[in-house]
Amino acid sequence: MAEQEISYDAIVRAEIAIELINQARAIVTVRVYELEEQDPGAAEELRRRRRDLIELQQSIRVADRDTVENLIAVWGPRVKDEARFWAEF
47 MAEQEISYDA IVRAEIAIEL INQARAIVTV RVYELEEQDP GAAEELRRRR RDLIELQQSI
107 RVADRDTVEN LIAVWGPRVK DEARFWAEF
């Protein structure tokens, strides 16, 4: 079976997508810690959504260029603006 050659650019773009999801998870984690004592239910809901981000992150494949580019386009602006992040999350 011949191996498909993956370009360096595709690898870098996938790593960017992974890092953006890491940043999103960090934003959620901070909010979870803020809410733990005052609103445990909301904190648990954010934990669930954070697990969804982990699943999304683990699903990123270098060869799936369309998904990688979509993740960068959607999550890049979100993690740069926390107000936008929470509005869209």
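Quick note on my numbering: the sequence shown kicks off at 47 and runs consecutively.
Cβ atoms here follow ideal geometry from the backbone N, Cα and C, with glycine treated the same way.
**Request:** For residue 95, I'd like the list of residues in its chain whose CB is within less than 7 Å of its CB, leaving aside the five on either flank, ordered along the chain.
**Result:** Cβ neighbours of residue 95 beyond the five flanking positions: 74.
**Best match in 53, 64, 50, 54 for proximity to residue 113 [C-alpha to C-alpha]** = 64
**Asked** Looking at C-alpha atoms only, which residue of 107, 121, 130 is the closest neighbour of residue 58?
**Response** 107
**Message:** Using the three-state DSSP reduction, which class does residue 52 fall into: helix, strand or coil?
**Reply:** coil
**Request:** Please confirm whether residue 125 and residue 69 have their CB atoms less than 7 Å apart.
**Result:** yes
**Request:** Would you grab the beta carbon distance between residue 109 and residue 52 for me? Rounded to a whole angstrom, and I think it's under 8 Å.
**Result:** Sure, about 6 Å apart at Cβ, within 8 Å.
**Message:** Quick check on the DSSP output: the alpha helix (DSSP H) that includes residue 127 runs from which residue to which?
**Reply:** Here residue 127 belongs to no alpha helix (DSSP H), and DSSP marks it neither H nor E.
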